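Student:
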Amino acid sequence: MNRILSLALGAGTLCLALAAGTAAAHVTLETREAPAGSYYKAVLKVGHGCDGSPTTAIRVRLPDGAVLAKPMPKPGWTLSTKEGPYAQPYESHGRSITQGVTELAWTGGSLPDAWYDEFVFQVVLPKLPAGTVVRIPVVQECEKGVHRWIEIPEAGKSADDYREPAPGVTLTEPKAH
């Protein structure tokens, strides 16, 4: 009986370890839920390079409806942004804003494959219904190779069904002011 219990516990531990390893193999968001239309601190967690090669750039394309993005500088990395038109105007302090930051990039650094790091930015999330998952496409460039975390699940599928899913944040009900 003890042997069976021991084997079952060992198998369960192995399953958990494999599941944790799979989750760590992607670029993910630290906070996976936030109110629609809120300011959101996006913390992209990068847990590995490209087949052993160090990460040298992280590039983010903001989804439609995500506005007023401000990236956090990172020592040892060059930060750049690209501006363009928003898909829809955004009202802020009585003004209609029609363009702003649409892409972010941290380049010129080196994150060894064996190390972990985070890349941070602030953004106002889209005003969409609660339960909507907003996907934030990320391209991870390495000395040798690239990961394109840009796959967006089709209806009826989850991020687990894809090799390189875009990280996502699930919108909750907006907070009352």
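Here the working numbering is used: the first residue of the sequence shown is 1026, the next is one more, and so on.
Every residue gets a Cβ at the ideal spot worked out from N, C-alpha and C, and that includes glycine.
Values in this document were obtained by computation on a predicted structure and should not be read as measured data.
1) Please go through the same chain and pick out, in chain order, the residues whose beta-carbon is closer than 8 angstroms to the beta-carbon of Glu1189, but skip the five residues on each side of it.
2) Over the uninterrupted beta strand (DSSP E) stretch that includes Glu1058, give me the two end residues.
3) Can you tell me whether Thr1080 is buried or exposed, with buried defined as 16 or more other CB within 10 angstroms of its CB?
4) If we ignore side chains and look at the alpha-carbon of each, how far apart do Tyr1115 and Thr1123 end up?
5) Between which two residues does the beta strand (DSSP E) containing Trp1102 stretch?
6) Suppose you measure from the CA of Asp1186 to the CA of Glu1179; what does that come to, to the nearest Å?
7) Taking a contact to mean a Cβ-Cβ separation below 8 angstroms, would you say Gly1072 touches Cys1167 in this structure?
8) Does the Cβ of Ala1155 have 16 or more other Cβ atoms within 10 Å, making it buried, or fewer, making it exposed?
9) I believe Arg1160 touches Glu1128 by the beta-carbon criterion, under 8 angstroms. Please report the beta-carbon distance rounded to the nearest angstrom.
10) Helix, strand or coil, according to DSSP, for Ala1184 in the structure here?
11) Since Leu1150 and Gly1062 are thought to touch, with beta carbons under 8 angstroms apart, how far apart are those beta carbons, to the nearest angstrom?
12) Would you mind giving the Cβ-Cβ distance between Glu1058 and Val1194, rounded to the nearest angstrom? I have them listed as a contact below 8 angstroms.
13) Based on the DSSP output, what are the partners of His1118 in its beta bridges?
14) Label Thr1053 either buried or exposed according to how many other C-beta atoms from any shown protein chain fall within 10 Å of its C-beta, with 16 as the threshold for buried.
15) Per the DSSP calculation, His1073 is bridged to which residue(s)?
16) Note the first and the last residue of the continuous beta strand (DSSP E) segment covering Pro1096.
17) With DSSP as the reference, label Ser1135 as helix, strand or coil.
18) Nearest by alpha-carbon distance to Trp1102: which of Val1145, Ala1201, Lys1200 and Thr1157 is it?
Tutor: In this structure, then:
1) Numbered from its first residue, the sequence shown carries residue 1189 at position 164. These residues qualify, in order along the chain: His1051, His1172, Arg1173, Trp1174, Ile1175 and Glu1176.
2) In the sequence shown, residue 1058 corresponds to position 33, counting from 1. Residues Glu1058 to Pro1060.
3) For this step, residue 1080 is matched to residue 55 along the sequence shown. So Thr1080 counts as buried.
4) On the sequence shown, residue 1115 is found 90 positions in, with the first residue counted as 1. On the sequence shown, residue 1123 is found 98 positions in, with the first residue counted as 1. Whole-angstrom Cα-Cα distance: 6 angstroms.
5) Counting from one through the sequence shown, the residue named residue 1102 turns up at place 77. First-last for Trp1102: undefined, no H or E at that position.
6) The count along the sequence shown starts at 1 and reaches residue 1186 at position 161. The count along the sequence shown starts at 1 and reaches residue 1179 at position 154. One C-alpha to the other measures close to 10 angstroms.
7) Residue mapping note: residue 1072 aligns to position 47 of the sequence shown, counting from 1. Residue mapping note: residue 1167 aligns to position 142 of the sequence shown, counting from 1. Their beta carbons are not under 8 angstroms apart, which means Gly1072 does not touch Cys1167 by this criterion.
8) Within the sequence shown, numbered from 1, the residue matching residue 1155 stands at position 130. By the neighbour-count rule (16 or more Cβ atoms within 10 Å), Ala1155 is not buried but exposed.
9) Sequence index remark: in the sequence shown, residue 1160 carries index 135 (1-based). Sequence index remark: in the sequence shown, residue 1128 carries index 103 (1-based). Between Glu1128 and Arg1160 the Cβ distance is about 15 angstroms, and since that is not below 8 angstroms, they are no contact.
10) Numbered from 1 along the sequence shown, position 159 holds the residue referred to as residue 1184. Ala1184: helix per DSSP, three-state reduction.
11) Along the sequence shown, read from residue 1 onward, the residue named residue 1150 stands at position 125. Along the sequence shown, read from residue 1 onward, the residue named residue 1062 stands at position 37. About 6 angstroms separates the two Cβ atoms, so the contact holds.
12) Locating residue 1058 in the sequence shown gives position 33, where the first residue counts as 1. Locating residue 1194 in the sequence shown gives position 169, where the first residue counts as 1. That pair is a contact at about 7 angstroms.
13) Residue mapping note: residue 1118 aligns to position 93 of the sequence shown, counting from 1. In DSSP, His1118 forms no bridge with anything.
14) As a first step, residue 1053 must be located in the sequence shown, where it is residue number 28. Thr1053 comes out buried.
15) Working through the sequence shown from its first residue, we reach residue 1073 at position 48. None, per the DSSP bridge assignment.
16) Against the sequence shown, residue 1096 aligns to sequence position 71. Val1092 to Pro1096 is the extent of the beta strand (DSSP E) around Pro1096.
17) Taking the sequence shown and counting its residues from 1, the one referred to as residue 1135 is at position 110. It is a strand residue.
18) Taking the first residue of the sequence shown as 1, we reach residue 1102 at position 77. Measuring from the Cα of Trp1102, the nearest candidate turns out to be Val1145.
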